[in-house]
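Novice:
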C-alpha cells in the first residue's frame, strides 16, 4: 500500500526527472491496477476538462504542458495515450502521469494509445530505456502490464468522444466498445486495434491505412457515428499536426497533438484542448520547453551483453 505522503514524495521526485526505485515502481503499478480495473472501456469524464494528445517521452515538454494548462489536480486532465517511446524520458513521463492518477484518480484520466504495447515499445525506445536505466526489464514489464488496464476511450458529458486513433468498421455504438475485453496486448486487427490505429481522411467511407493497422475513415463515417451516439465531437490524437491541432469535417472531429518539436527535430508547436462546463472548446498552443529548463539525457554505458 502506498501512503499519500509517499505518493506526494514520489511525484515531487518524478517532477524533477528523478527515477523511482524498482520496488517503488512495482508498488505504484499494483495500486494503479486496482484503480484502473474499475474504469470502463468508455470512461466517463466530467467537464471542464483539458484534453492532451501524444507526449512520447518528452518529459520536459510535459512539465511545460502543466505550466500552460495548470497543475493537476487544480486542472482536470484527459490524456489520449502514447505516453512513451521516441523521447528520452518515457520512464519518468509515464510514471509521473501514473503517480498523479493514483494520487488524484478523479482528476486525471489516461487512455491507451497504440504505443502502450509490448511489441511497439520493444521497437521504439521504451524497452531499451528501461533496460538502460534499471539494468533489467522488470520496470518495463510492470508498466506494460498496466497498459493492458488503461481505458480504450472516454466520453465527456455524453457528448465528446475521446480516443487515441479513431473509429472502426466493427463499431457503430459506444456500447459495442464497452463490451470489448481490453485487458490484453493490442491485437493486430479488430475493433480494439482500430480504436488505437485509425486516422481520419478527406474521403468518403473506409480505406486501407498506410500504417498497416487500423483504417482511414471519412467525414460521412464520422457524421453517422456522431449521430448514432448523440455526440457533438470526436477528439483524438495519433497524428503529428504542425499547428498543434486540426479540425475536420465541419468541426465534428479534432486532432490534438501535445508533443512540441516532436522527436526534438520536427519544429511543430503543440496544443491542449480546454473543454468548458458548457462544452465550449478553447485551444492553448505551446512550444517546447526552453533549453535551459531541460536536463541532459544520461548516456549510460551499453548493457553488458554488448560488451
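Numbering (this note's numbering), first residue to last: 1144 to 1450.
We put the beta carbon where it would ideally sit given N, CA and C, even for glycine.
1. Alpha carbon to alpha carbon, what distance is there between residue 1250 and residue 1356?
2. Tell me residue 1231's beta-bridge partners as DSSP assigns them.
3. Sorted by chain position, which residues of the same chain lie with C-beta nearer than 8 angstroms to residue 1443's C-beta, five sequence neighbours on each side aside?
4. Check the DSSP bridge columns for residue 1427 and list the partner residues they point to.
5. Alpha carbon to alpha carbon, what distance is there between residue 1197 and residue 1144?
6. What do you get for residue 1231, buried or exposed, if any count of 16 or more other CB atoms within 10 angstroms of its CB means buried?
7. According to DSSP, simplified to helix, strand and coil, what is residue 1172?
8. Given that a residue counts as buried once 16 or more other Cβ atoms are within 10 Å of its Cβ, and exposed if not, what is residue 1436?
9. Considering only DSSP beta bridges, list what residue 1349 is partnered with.
10. Please state the DSSP three-state secondary structure of residue 1445.
11. Could you say if the segment 1357-1371 and the segment 1278-1297 meet the contact criterion of at least three C-beta pairs nearer than 8 angstroms?
12. From which residue to which residue does the alpha helix (DSSP H) around residue 1297 run?
13. For residue 1229, which residues of its own chain have a beta-carbon under 7 angstroms away from its beta-carbon, when the five flanking residues on both sides are left out?
14. Can residue 1378 and residue 1422 be called in contact, C-beta distance under 8 angstroms?
15. Note down, in chain order, each residue of its chain lying with its Cβ closer than 6 angstroms to the Cβ of residue 1185, except the 5 sequence neighbours on either side.
16. Between the alpha carbons of residue 1341 and residue 1302, how many angstroms are there, rounded?
17. Any chance the segment 1374-1388 sits against the segment 1173-1191, with 3 or more Cβ pairs inside 8 angstroms?
18. Can you tell me which of the three DSSP states residue 1222 falls into?
19. Report the start-end ranges of each beta strand (DSSP E) in the segment 1363-1419 that is 3 residues or longer and not cut off at the edges.
20. Select from 1395, 1390, 1413 and 1284 the residue whose C-alpha is nearest the C-alpha of residue 1373.
21. Measure the CB-CB distance between residue 1206 and residue 1158 and report whether it falls below 8 angstroms.
22. Would you mind giving the Cβ-Cβ distance between residue 1414 and residue 1387, rounded to the nearest angstrom? I have them listed as a contact below 8 angstroms.
23. Between residue 1193 and residue 1212, how many whole angstroms is the CB-CB distance? I'm expecting something under 8 angstroms.
24. On the premise that residue 1338 lies in contact with residue 1349, defined as a C-beta separation below 8 angstroms, what is that separation, rounded to the nearest angstrom?
25. What do you reckon, are the CB atoms on residue 1282 and residue 1270 nearer than 8 angstroms?
Specialist: Inspection of the coordinates gives the following:
1. 32 angstroms
2. Per DSSP, none; premise fails for residue 1231.
3. With a pLDDT of 49 at residue 1443, under the threshold of 50, the modelled position of this residue cannot be trusted; read the value that follows with caution. Only 1275 and 1276 meet the Cβ criterion.
4. 1415
5. 30 angstroms
6. buried
7. helix
8. exposed
9. 1360
10. Reliability of the predicted coordinates at residue 1445 is poor, the pLDDT of 40 falling under 50, and no value is obtained from them.
11. no
12. Not the alpha helix (DSSP H): residue 1297 falls in the beta strand (DSSP E), residues 1296-1299.
13. 1199, 1200, 1267, 1268 and 1406
14. no
15. 1296, 1298, 1317, 1320 and 1321
16. 21 angstroms
17. no
18. strand
19. 1376-1379, 1388-1391, 1396-1399 and 1413-1418
20. 1395
21. yes
22. 3 angstroms
23. 5 angstroms
24. Contact doesn't hold; Cβ gap of about 14 angstroms is too wide.
25. no
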